[in-house]
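Peer 1:
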Amino acid sequence: MTNLLLFPILLPFFFAMILMLFPKKILAQRVGALLALGFTLIASVTLLFKVKTDGIQAITLGSWPAPFGISMVSDMLSILLVLSSTLIAIFVVWYSFSSIGKERESFFYYPGILFMLTGVNGAFTTGDIFNMFVFFEVLLMSSYLLIVLGGEKVQLRESIKYILVNIISSALFVVTVAYLYSVVGTLNMADISVKIAQIEQPGIITVIAVLFLLVFGLKGAIFPLFFWLPSSYAAPPIPVLALFGALLTKVGVYAIMRTYTLFFPHDQSYTHELLMILSILTIIAGCIGALAYFDVKKIIIYNIIIAVGVILFGASQMNEAALMGSVFYLIHDILIKGALFMLIGVIIAITGTADLRKMGGLIKSYPMLGWTYLIAAFGLAGIPPLSGFVGKLLIVQGGFEAENLWGSIFILASSLVVLLSVMRIFIYAFWGEPVEITPLSKRHYRGLFTPALILVGISVLYGVGSEWLVPYMSDAANVMLNPSHYIQAVLGGA
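Heads up: the sequence shown is residues 1 to 494, going by full-length UniProt numbering.
This is how it looks when you write it as structure tokens:
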């Protein structure tokens, strides 16, 4: 047992509370946010090596024995996601210095990001299903602040939809947890797994599995529950969009992966078949949306939906290759979506519009921006040896091993649609006749472009260096394939 696994949750939480005391001191807010995220990153890296060396780390709060106390568990899957989330938050904060504006910075913007990271990291780390609901609410309340910050008309309109959808989802979450508790009599996730295995997943448990898919699917934006996402995510400023696009849907995706591998692996012919069908429909819907719009933000937002489908297709196959590919692709998508949203933020800042039809010729004035965007676009589409290739290859391999030929073909076909959608941005914005623009000052341009450039570089290294990451991804996949490791770490001999 180690208290280290609590640090990525407690550090941003305490720093956020401190920063709330002096919201108008912008320099102190910036420094405090970076310090919080820097310390959280160090704690996350330390915990990653601790998990790799000593195995799954678990602690039950209040000195209660599991399963009676609230357990926090850090296995390879959760710590990889905690590390990725912290990393993307650092780049979003850095990018915000030049883009969010001092008015928003002085209204609890950085505490909002840190509280949101508290909820995200807590949801990834908790070993208690009701506590997962609590952390979901923490990150959602923070996101309510971030989506309305600035008070523009479009933000206020879309925030109503966003809040209503999440209130309904949260109510369903509580009801579903209550149903589960009434059947198994416990909230500890490891103990739930044991109890469901003992009663061999009767029909009522399969119904609860479908309810969990509904709850987390609404948060993770799977078909047909993604209706709220495109316009809601397009409303806030680019740094908030980058944070939402990189992290929020991934928490819902993680929750589906965790519950469907830990709680509900016994009736795969129904639960996982349903998950696979919905994942393919999610990919198709995302592909249609990505090709339908000329708004650069909407194009990348619909690519979020495609990625959700690809990841969940891998999770539904329940074999090592597909699950390892899902973890690879999940982390890739966190990095590349953050980078792409930052890059289109630079394009919008230069051109003053998000409409592709009003852009053109930027390659002459900003060649480095153009080629960096092209590399990120190739990474998103899965062109080898960039970061999207390895995860998608493993997911397709897992699909073939599970004899789901047509699903695997859909995954491959979606890569072409993704490539076409992001290449439209490159062709419209960077080629053609130059349009009249207001050039950014060198300092402003560097402040926007540098964090995006470095994040694209990290995503390239993630793809090129994937061979060195295989042991970590394999450990994450093995935890999902063999829940006994997770159960033993939490319950011990209980």
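C-beta: ideal position from N, C-alpha, C; glycine also.
#1: Among the residues of its own chain, which have a CB less than 7 Å from the CB of MET20, if the five just before and after it don't count?
#2: If we count the other Cβ atoms within 10 Å of its Cβ and call it buried at 16 or more, is ILE204 buried or exposed?
#3: Thinking PRO12 and ALA36 are a contact (beta carbons under 8 Å), I'd like their distance in whole angstroms, please.
#4: Given this structure, state the Cα-to-Cα distance separating LEU61 from GLN317, to the nearest angstrom.
#5: Between which two residues does the alpha helix (DSSP H) harbouring MET72 extend?
#6: Measuring only the C-alpha atoms, how far is ILE163 from MET141?
#7: Could you check what DSSP says for ALA476 in three-state terms: helix, strand or coil?
#8: For CYS287, which of ASP295, ILE300, LEU330, MET276 has the nearest alpha-carbon?
#9: Provide the residue(s) that pair with ILE59 in DSSP beta bridges, ordered along the chain.
#10: Given a threshold of 16 other Cβ atoms within 10 Å of its Cβ, counted over all protein chains shown, does MET189 qualify as buried or as exposed?
#11: Can you confirm whether the segment 277-297 touches the segment 149-161 when touching is taken to mean that 3 or more C-beta pairs between the two stretches lie within less than 8 Å?
#12: Where does ASP54 sit, in a helix, a strand or coil, going by DSSP?
#13: Could you tell me which uninterrupted beta strand (DSSP E) segments, each at least 3 residues in length, are contained entirely in the segment 383-449, listed from first to last along the chain?
#14: Under 7 Å Cβ to Cβ from THR46, same chain only, skipping five residues before and after it: list those, please.
#15: Could you pull out every residue in the same chain whose Cβ sits closer than 6 Å to the Cβ of MET480, ignoring the five residues on either side in sequence?
#16: So VAL490 and VAL73 are in contact, right, with Cβ under 8 Å, and what is the actual spacing, rounded?
#17: Skipping 5 residues on each side, what residues in its chain have a beta carbon closer than 7 Å to that of PHE400?
#18: What residues in its chain sit with their C-beta under 6 Å from that of LEU77, if we drop five residues either side in the sequence?
#19: What separation, rounded to the nearest whole angstrom, lies between the Cα atoms of LEU10 and LEU114?
#20: Could you tell me if MET17 is buried or exposed, where buried requires 16 or more neighbouring beta carbons within 10 angstroms of its beta carbon?
#21: For PRO8, which option in TRP64, ALA89, PRO230, GLY69 has the closest C-alpha, if you only look at C-alpha atoms?
#22: Within 8 Å, do at least three Cβ pairs link the segment 368-380 to the segment 290-297?
#23: Determine the closest residue to VAL184 out of LEU419, PRO202, ILE196, with distance taken between C-alpha atoms.
#24: What first and last residue would you give for the alpha helix (DSSP H) that runs through TYR260?
#25: Is there contact between the segment 228-244 and the segment 79-98, where contact requires at least three CB pairs shorter than 8 Å?
#26: Buried or exposed: THR126, going by 16 or more other Cβ atoms within 10 Å of its Cβ?
#27: Quickly, what does DSSP pair ASN188 with across the bridge? List them, please.
#28: Measuring alpha carbon to alpha carbon, tell me which of VAL396, LEU369, GLY361, HIS485 ends up nearest TYR428.
#29: Starting from GLU200, trace the alpha helix (DSSP H) both ways and give me its first and last residue.
#30: Just mark GLU105 as buried or exposed, buried being the case when its beta carbon has 16 or more other beta carbons within 10 Å.
#31: Could you name the residues of the same chain whose beta carbon sits closer than 7 Å to that of VAL215, not counting the 5 residues immediately before and after it, in chain order?
#32: Taking ILE347 as part of the alpha helix (DSSP H), name the residues at either end of that continuous run.
#33: DSSP on MET1, reduced to helix/strand/coil?
#34: Considering only the beta carbon of each residue, do LEU419 and GLY338 sit closer than 8 Å?
#35: Taking the alpha-carbon of SER441 as reference, which of SER99, TYR302, TYR179, VAL148 has the nearest alpha-carbon?
#36: I'd like to confirm the pairing. Which residues does DSSP put opposite residue 499 in its beta bridges?
Peer 2: The structure says:
#1: These residues qualify, in order along the chain: PHE108, PRO111.
#2: By the neighbour-count criterion, in which a residue is buried when 16 or more other Cβ atoms sit within 10 angstroms of its Cβ, ILE204 is exposed.
#3: With a Cβ gap of about 5 Å, PRO12 and ALA36 count as contacting.
#4: For LEU61 and GLN317, the distance between alpha carbons rounds to 35 Å.
#5: First-last for MET72: 71-74, but that is the beta strand (DSSP E), not the alpha helix (DSSP H).
#6: ILE163 and MET141 have their C-alpha atoms spaced approximately 9 Å apart.
#7: Note: ALA476 maps to helix in three-state DSSP.
#8: Checking every option, the nearest Cα to that of CYS287 belongs to ILE300.
#9: Note: ILE59 sits in a beta bridge opposite MET72.
#10: Counting Cβ neighbours within 10 Å, MET189 comes out buried, since at least 16 surround it.
#11: Counting Cβ pairs under 8 Å, fewer than three are found: no touch.
#12: Three-state result, ASP54: helix.
#13: Entirely contained in the segment 383-449, not one beta strand (DSSP E) run reaches 3 residues.
#14: Cβ neighbours of THR46 within its own chain (closer than 7 Å, five residues either side excluded): LEU4.
#15: Excluding sequence neighbours, MET480 sits near THR261, LEU323.
#16: That pair is a contact at about 6 Å.
#17: Taken in chain order, the residues that qualify are SER408.
#18: In its chain, beyond the 5 residues on either side, ALA476, VAL479 have a beta carbon closer than 6 Å to the beta carbon of LEU77.
#19: In this structure, the straight-line span from the alpha carbon of LEU10 to that of LEU114 is close to 10 Å.
#20: Label assigned to MET17: exposed.
#21: Ranking TRP64, ALA89, PRO230, GLY69 by Cα distance to PRO8 puts ALA89 first.
#22: The segment 290-297 is not in contact with the segment 368-380.
#23: Among LEU419, PRO202, ILE196, the Cα nearest to that of VAL184 is on ILE196.
#24: First-last of the alpha helix (DSSP H) with TYR260: 249-262.
#25: The segment 228-244 makes contact with the segment 79-98; the number of CB pairs closer than 8 Å reaches 3 or more.
#26: Burial state of THR126 is buried, judged by a 10 Å Cβ sphere holding 16 or more other Cβ atoms.
#27: DSSP lists ASP128 as partners of ASN188.
#28: For the options VAL396, LEU369, GLY361, HIS485, the alpha carbon positioned closest to that of TYR428 is the one of GLY361.
#29: Note, GLU200: premise wrong, no alpha helix (DSSP H); not H, not E.
#30: With 16 or more neighbouring CB atoms inside 10 Å of its own CB, GLU105 falls in the buried class.
#31: Setting aside the 5 residues that flank it on each side, VAL215 is surrounded in the same chain by SER169, LEU172, PHE173, THR176, each with a C-beta closer than 7 Å to its C-beta; the list follows chain order.
#32: Run containing ILE347: 320-351, per the alpha helix (DSSP H) assignment.
#33: Unreliable positioning characterises MET1 in this predicted model, as indicated by a pLDDT of 48, which lies under 50. The coordinate reading is nonetheless provided below. Here DSSP, grouped into helix, strand and coil, assigns MET1 to coil.
#34: No.
#35: Ranked by Cα distance from SER441, the options SER99, TYR302, TYR179, VAL148 are led by SER99.
#36: For the chain, the structure presents residues 1 to 494; residue 499 sits outside this window and is missing.
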